[in-house]
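Here's the structure we're looking at; comments come further down.
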Amino acid sequence: MNQPYNNGDLSRVARFFLYISVAVIAVAALLGAAGTIAGSMFLLKLHPYIFFTGFGNLAILVFNRYLTSSIYPELKIIPKKQMRYIATVLLSLCMITLAVFMDWPLLKALTGLLLMIVVTGPLREIFTTLSIASIWKEVSVRYYIFDVLFLLVANLGLFTLGLKEAFPDFSIIPFFVTQSSYFLGSSFPLSISVMGFIYAYAWSRSSKKELAKKLFSIWFYIFVGGVLVFLVVILAGYYLGMMLISHLLMFGVIAILVSFTVYLYHFFRTQFRHPGLAFMLSGLALLLATSAYGIMNIYFLKGVPFGTKPPLPYLRMWIYHSHTHAALLGWITFSFTGMLYIVLPSIVRTNSLDMLRSEDGLSSMLGERSMKRAFRQLAMMLLSATAVLVAFFLYNDLLLAIAGFIFGCSVIFTNLNLRTELYAE
0 MNQPYNNGDL SRVARFFLYI SVAVIAVAAL LGAAGTIAGS MFLLKLHPYI
50 FFTGFGNLAI LVFNRYLTSS IYPELKIIPK KQMRYIATVL LSLCMITLAV
100 FMDWPLLKAL TGLLLMIVVT GPLREIFTTL SIASIWKEVS VRYYIFDVLF
150 LLVANLGLFT LGLKEAFPDF SIIPFFVTQS SYFLGSSFPL SISVMGFIYA
200 YAWSRSSKKE LAKKLFSIWF YIFVGGVLVF LVVILAGYYL GMMLISHLLM
250 FGVIAILVSF TVYLYHFFRT QFRHPGLAFM LSGLALLLAT SAYGIMNIYF
300 LKGVPFGTKP PLPYLRMWIY HSHTHAALLG WITFSFTGML YIVLPSIVRT
350 NSLDMLRSED GLSSMLGERS MKRAFRQLAM MLLSATAVLV AFFLYNDLLL
400 AIAGFIFGCS VIFTNLNLRT ELYAE
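What follows is the structure, given as structure tokens:
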């Protein structure tokens with residue numbers, strides 16, 4: 000079924016989304032590098048807000064809708080509305096930057112409130128268009144819908160964080176509302192989105208579709224449920240519960256990483272080497288690193304009350320920073336870069352979601368030269384991301400700044416590499 004997009008509106012918005020979202024990730028990385036080398040607390044504090052407020056909302060409001068609508072066409076995409084979403088997120092980036100720079104917590108709260116209002120739009124459309132039964136029928140859609148719900152909660156976290164900073168003695172706001180919990184909560188919708196995509200564009204199209212459906216259905220409950228229970232045990236300070244759940248999630252990640260490696264081996268051997276899938280495999284490898292660092296983080300967290308600053312003893316803070324950056328620079332950025340290489344060319348070339356709906360969703364939409372350059376980009380991003388983790392271990396600010404700068408530039412290359420592909424006739 001074709002959707003009536005006039006004058007290439009869908010393609011135009013998809014291109015704009017690509018340029019803005021990639022720029023936001025790159026700016027966040029470059030600000031972190033600049034803050035490290037300059038010793039600027041403002042830049043160091045700002046760069047994760049740029050990532051989550053900007054890319055976190057763009058990815059779910061715009062990109063995630065492409066994925067959901069490719070399965071359920073009745074969830075129509077209105078390009079003008081998507082442009083309004085992008086404009087609102089850009090406004091929120093200006094607001095959060097000013098809030099951090101001027102130390103205006105009420106402006107931070109207002110930013111969270113604005114984004115909450117925006118997210119209610121897609122949620123209302125989803126639940127007034129699709130029944131619960133239809134949502135639960137498609138495994139990947141379960142992931143995609145919970146993305147939006149988690150994003151609403153994350154923006155609620157930004158709103159309450161601003162209020163707590165403005166009124167620290169306001170006892171109604173829970174103790175667990177902290178900057179760290181906001182960042183943690185904002186990473187969940189992005190992680191869930193990637194899991195849904197991996198199922199939809201890999202295992203669901205494999206020769207063992209029914210087995211894959213059952214396993215990913217089980218993983219949905221383990222991953223989403225595990226994350227929710229994990230939050231509860233963290234807030235309760237239940238050390239044994241944190242260890243048990245974190246190990247369960249890590250074993251699940253290992254199972255997905257190994258099986259995805261086997262899947263890619265057969266795919267690359269029998270079809271072609273798709274750089275997007277290679278990016279996602281690298282993302283899963285860094286998710287395993289994230290899990291390992293997280294378990295180490297929990298081990299040294301024992302006896303430290305939640306919300307303590309810093310959350311770990313100084314000599315162990317490299318574990319905390321490695322955990323967060325393996326997730327952001329690694330798992331999330333690598334995975335979404337791979338998703339961009341798959342989804343955006345498919346949309347732009349056809350000005351529709353038809354290619355994403357077809358069994359040819361992983362067809363070679365990129366030229367040979369672009370694919371080779373994408374693999375070189377992947378190698379550079381892996382090297383720089385690894386250098387970032389090593390720099391945290393060594394407490395070497397110079398290495399950290401250089402690696403962060405190279406990583407940011409490598410991310411920008413996504414736009415340059417795809418530019419000729421997205422404007423090709």
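The end of the sequence shown is residue 424 by numbering that gives the first Met the number 0, with every number in the run present. Backbone N, C-alpha and C fix where the C-beta goes; we use that ideal spot for every residue, glycine too.
Determine, using beta carbons only, whether residue i and residue j come nearer to each other than 8 Å.
i    : j    : result
Y394 : W317 : yes
G115 : N154 : The sequence given here has Met at residue 115, not Gly. Yes.
I59  : S192 : yes
S345 : M364 : yes
P104 : A165 : yes
V140 : T260 : no
V441 : F145 : No statement about residue 441 is possible, as the shown extent of the chain runs from 0 to 424 and does not include it.
N63  : V147 : yes
A386 : L377 : no
Y198 : F215 : yes
M380 : F406 : yes
L113 : L151 : no
L421 : L343 : yes
A98  : L89  : no
S321 : L388 : yes
S69  : V347 : no
A384 : L328 : yes
L248 : G225 : yes
A373 : A325 : no
Relative to the C-alpha of residue i, which candidate in the options has its C-alpha closest?
i    : options                : result
E124 : Y71, N154, E137, K107  : Y71
M40  : D102, A86, K79, M82    : D102
L311 : I244, L300, A386       : L300
F266 : E209, V138, S362, K107 : S362
R375 : F278, L43, Y198, L248  : F278
A391 : L189, Y313, I411, M380 : At residue 391 the sequence reads Phe, which differs from the Ala that was named. Measuring from the Cα of F391, the nearest candidate turns out to be Y313.
P274 : Y340, Y238, Y237, S216 : Y340
L286 : F333, L343, T159       : F333
R368 : R272, G236, S170       : R272
T323 : A291, T336, R268, S351 : A291
K459 : S351, D396, M380       : Nothing in the structure corresponds to residue 459, since the chain is present only between 0 and 424.
I172 : A132, S190, A108       : A108
D353 : F51, Y65, Y18          : Y65
G366 : S357, Q178, L280, L417 : L417
Q178 : T336, A326, F51, A373  : F51
M194 : A373, D8, F335         : F335
Is it right to say residue i is buried, meaning 16 or more other beta carbons lie within 10 angstroms of its own, or is it exposed?
i    : result
K163 : buried
L415 : exposed
K136 : exposed
Y220 : exposed
V410 : buried
G34  : buried
M282 : Contrary to the premise, residue 282 reads as Gly rather than Met in this sequence. It counts as buried.
V12  : buried
R14  : buried
T269 : exposed
With residue i as the anchor, note down where its alpha helix (DSSP H) starts and where it stops.
i    : result
A402 : 396-421
W135 : 131-136
W317 : 316-324
S10  : 8-37
T128 : 104-128
D168 : Unbroken run through D168: none, as it is neither H nor E.
N63  : 63-68
G195 : 178-200
L43  : 40-48
T87  : 78-101
P344 : 332-349
T269 : 238-269
R375 : 367-393
P72  : It is not in any alpha helix (DSSP H) - P72 carries neither H nor E in the DSSP assignment.
L286 : 274-300
L355 : 353-356
In chain order, what residues of the same chain have a beta carbon less than 6 Å from the beta carbon of residue i, not counting five sequence neighbours either side?
i    : result
T419 : none
V23  : G53, F54
S20  : F54, L57
T119 : none
L160 : V176, Y181
M338 : F196
V232 : G240, M241
P309 : M316
D396 : T35
Using C-beta distances below 8 Å, list every residue in its chain close to residue i, excluding the 5 sequence neighbours before and after it, in chain order.
i    : result
H156 : In the sequence as presented, His is not what sits at residue 156; that position holds Gly. The residues are G111, V176, S180, Y181, G184, S185.
I49  : V23, V26, A27, L30, L92, I95, T96
S245 : F229, S290, G293, I294, I297
For residue i, which residues from the same chain have a beta carbon less than 7 Å from its beta carbon, with the 5 sequence-adjacent residues on both sides left out?
i    : result
Y84  : L60, V61, V117
M0   : Its pLDDT being 40, under 50, M0 is placed unreliably by the model, and the measurement read from it follows with that caveat. Excluding positions up to five away in sequence, the list reads P72.
Y319 : N296, P310, L311
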